[in-house]
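Just below is one structure, and these are the notes that go with it.
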Amino acid sequence: MNTLDTIAAPATAVGGAIAVIRISGPDAVAVGNRAWKGHSELGRESARVMKLGRCGGDQVLAVCMPGPHSYTGEDVVELHCHGGAVAADQVLQAALSAGCRMAEPGEFTFRAFVNGKLDLVRAEAVGEIISAGSRMALGLAERQLAGSLSRKLGEIRDALASVLAECESHLDFPDEELDWDPDPAGKLAAPVKVLTELLAGARTGALVRHGVRVVISGMPNAGKSSLMNRILGRDRAIVTAIPGTTRDTLEETAVLGGIPVRLTDTAGLHVSEDPVEQLGMERSRREIAAAEVELRVLDSTTGELGDFTAYDRAIAVWNKLDLAPDRKLPELNCPAVRLSAATGENMETLEEVFRRMVWGRGDHTEPEFAVSSRHAAELKMALQVLPEAAEHLSGEAWDLAAIPLRTALEALGRVTGEYADPDILEKIFSRFCIGK
Ligand SMILES: Nc1nc2c(ncn2[C@@H]2O[C@H](COP(=O)(O)OP(=O)(O)O)[C@@H](O)[C@H]2O)c(=O)[nH]1
Ligand SMILES: [Mg+2]
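Going by our numbering, the sequence shown opens with residue 15, and the numbers climb by one from there.
Here is the structure:
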């Protein structure tokens, strides 16, 4: 992406009460003044002050944010006009004909990155704030934008860079008695520890960002669709007393026990001659195999297990507690909950059991930060080469130690964007929406 010209795009979604057209680049102020007319011109003198004026026939508020103190780091002008596709487009067209081009998706944030306002990890967080589907994902993205992860990565980088500097001075001044570190290999212990901790958070990151895959399975009429609707808090799946109502799988995103989930309701598992039901069951089995957690719905009124055998990803949900509150049920070798999908009784127990299954044993609090799969791939590479560096440092083979240290620093640099591969940048920023 070219970063020398001036760009414009709507920053708000169609359909709101107001629309904001954002202009950024070296000519932003001139373009703004050509497209918009008020009592006085936009400029540095009136930085960050809202001024009422006109753009064509429309009343438009304008504000000028001179660089470097703007989101992109460049001169920025924002025009706030009446919402609606036509009104906003008219103002955008006025800006474009005043001498700028339409921005690509994510181009404002890309410029913020290029101008050093954000590192790549924080820029990625901007995209994640917009796409966050749960409070937990939003919290994670907000903390990442504030720099929590960048600071951790900075600690690792500083530690590795100082060891590398030590190697380089040994090579540059081999015969001099400088103030050498007695144990340079020992200095790698801290970065190894932090890298290991960050990588341990990758699973949490994936769970929070993409949601846990949860499948609801069981025999016909056990109450699978009722449970789906109860978790969603609305009537999404059709519930009837007729077995075989759900023939296809239904997928929805939801939050269970505070954890984002991708929830799938499935066709009931039983012996059937109906070819449509058979296809549905085949899908159910595929979903069960792919899920991270299976909620196996069982009917308390019959106490039957069908083909269910307990295993480590399953939670047995004995449903219809309201109809059979005192029934003795078979013992199972997996977590089990008795509840009523119809009345909602004991749903909080299911939430608790689910939370424990996802986070593992022990108290789990929301993660302070969690690396993404892109970060994890690079951090793994950095971690892998450090034992080799430590070995060469212990053997005082400074030139050989420097090679893995540089490899690790480059991997970290690709995470924060210091060593930015244009293809990777393109991929990251093109996922953003227009105007961000
Ligand atoms: N009394 C009672 N009825 C339930 C409960 N859960 C489901 N049902 C009823 O059981 C029948 C089958 O429910 P449904 O959710 O369609 O089951 P599915 O075939 O497993 O999807 C419907 O008539 C529901 O109203 C429950 O907790 N209590
Ligand atoms: Mg159903």
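Positions of the beta carbon are idealized from the N, C-alpha and C atoms, including for glycine.
In three-state terms, what does DSSP make of residue i?
| i | result |
| --- | --- |
| R223 | helix |
| L132 | coil |
| H53 | coil |
| W194 | coil |
| D186 | helix |
| G427 | helix |
| H284 | coil |
| P10 | Nothing in the structure corresponds to residue 10, since the chain is present only between 15 and 450. |
| A33 | strand |
| R250 | coil |
| A305 | coil |
| R341 | coil |
| C95 | strand |
| C447 | coil |
| E366 | helix |
| V149 | This sequence places Arg at residue 149; Val is not what is there. Helix, per DSSP. |
| A27 | coil |
| S176 | helix |
| P289 | helix |
| I256 | coil |
| P436 | helix |
| G161 | coil |
| D321 | coil |
| F122 | helix |
| E380 | coil |
| E359 | coil |
| E410 | coil |
| M295 | helix |
Residues in its own chain within less than 7 angstroms of residue i by CB, not counting five upstream and five downstream?
| i | result |
| --- | --- |
| A101 | A33, D72, C95 |
| F446 | P119, G120, T123, G141 |
| F127 | L134, A137, G431 |
| W412 | C181, H184, L185 |
| E55 | N47 |
| M15 | E118, E121, F124 |
So residue i and residue j are supposed to be a Cβ contact under 8 angstroms. How far apart are they, rounded?
| i | j | result |
| --- | --- | --- |
| R136 | S164 | 6 angstroms |
| A76 | G70 | Not confirmed; about 13 angstroms, so no contact. |
| L202 | A425 | No, L202 and A425 are not in contact; Cβ-Cβ is about 15 angstroms, not under 8 angstroms. |
| V28 | I37 | V28 to I37, Cβ: 19 angstroms. No contact. |
| A117 | I21 | 4 angstroms |
| E265 | L246 | That pair is no contact at about 11 angstroms. |
| D89 | A42 | 4 angstroms |
| V311 | V226 | So it is not a contact: roughly 18 angstroms between Cβ atoms. |
| W332 | A356 | The pair is not a contact, with the Cβ atoms about 13 angstroms apart (cut-off 8 angstroms). |
| K450 | I144 | 7 angstroms |
| L283 | D321 | 7 angstroms |
| P205 | A173 | 5 angstroms |
Could you pull out every residue in the same chain whose Cβ sits closer than 6 angstroms to the Cβ of residue i, ignoring the five residues on either side in sequence?
| i | result |
| --- | --- |
| W281 | Looking at the sequence provided, one finds Ala at residue 281 rather than Trp. Cβ neighbours of A281 beyond the five flanking positions: T260, R261, G294, M295, S298. |
| S14 | Outside the shown range of the chain (15 to 450) lies residue 14, about which nothing can therefore be said. |
| E92 | V34, R36, V77 |
| T315 | K334, L337, A338 |
| A49 | C69, A108, A109, A112 |
| A146 | L152, A155 |
| V269 | S148 |
| T278 | V229, T263, E265, E301 |
| D195 | E180 |
| T86 | S38, F122, R125, A126 |
For residue i, I'd like the list of residues in its chain whose CB is within less than 8 angstroms of its CB, leaving aside the five on either flank, ordered along the chain.
| i | result |
| --- | --- |
| L407 | V177, C181, P198, A199, L202, A415 |
| E504 | The requested residue 504 is not part of the displayed model; the chain covers only 15 to 450. |
| D326 | C348 |
| I329 | V307, E308, L309, R310, C348, P349, A350, V351, L364, V367, F368, M371 |
| K166 | V208, L212, F383 |
| R62 | V77, C78, M79 |
| L53 | It should be noted that the sequence gives His, not Leu, for residue 53. The answer, listed in chain order, is K65, G67. |
From the DSSP secondary-structure annotation, give me the bridge partner or partners of residue i.
| i | result |
| --- | --- |
| M116 | A22 |
| R310 | S231, A330 |
| M79 | V90 |
| A61 | C78 |
| T267 | R276 |
| R68 | K51, Q73 |
| V351 | V331 |
| S38 | I21, V90 |
Is the shortest distance between the beta-carbon of residue i and the beta-carbons of chain B less than 8 angstroms?
| i | result |
| --- | --- |
| S444 | Among the protein chains of the structure shown there is no chain B, as only one such chain exists. |
Sufficient close CB pairs (3 or more, under 8 angstroms) joining the segment 217 to 226 to the segment 269 to 279: When Cβ pairs closer than 8 angstroms are counted between the two stretches, the segment 217 to 226 is seen to touch the segment 269 to 279, the count reaching three or more.
Contact between the segment 410 to 423 and the segment 386 to 400 (3+ Cβ pairs under 8 angstroms): Touching, yes.
Touching by the beta-carbon criterion (3+ pairs, under 8 angstroms), the segment 282 to 290 and the segment 239 to 251: Judged by pairs of C-beta atoms under 8 angstroms, the segment 282 to 290 does not touch the segment 239 to 251, as fewer than three such pairs exist.
Cβ contact check for the segment 295 to 304 and the segment 340 to 347: 3 or more pairs under 8 angstroms: Three or more beta-carbon pairs separated by less than 8 angstroms are not found between the segment 295 to 304 and the segment 340 to 347, which leaves the two stretches without contact.
Inter-stretch contact (C-beta, 8 angstroms, three-pair minimum) for the segment 227 to 239 and the segment 202 to 218: In short, these stretches do not touch, since the Cβ pair count stays below three.
The segment 156 to 172 / the segment 130 to 148 touching (three or more Cβ pairs under 8 angstroms): Note that the segment 156 to 172 touches the segment 130 to 148; at least 3 beta-carbon pairs, one per stretch, sit closer than 8 angstroms.
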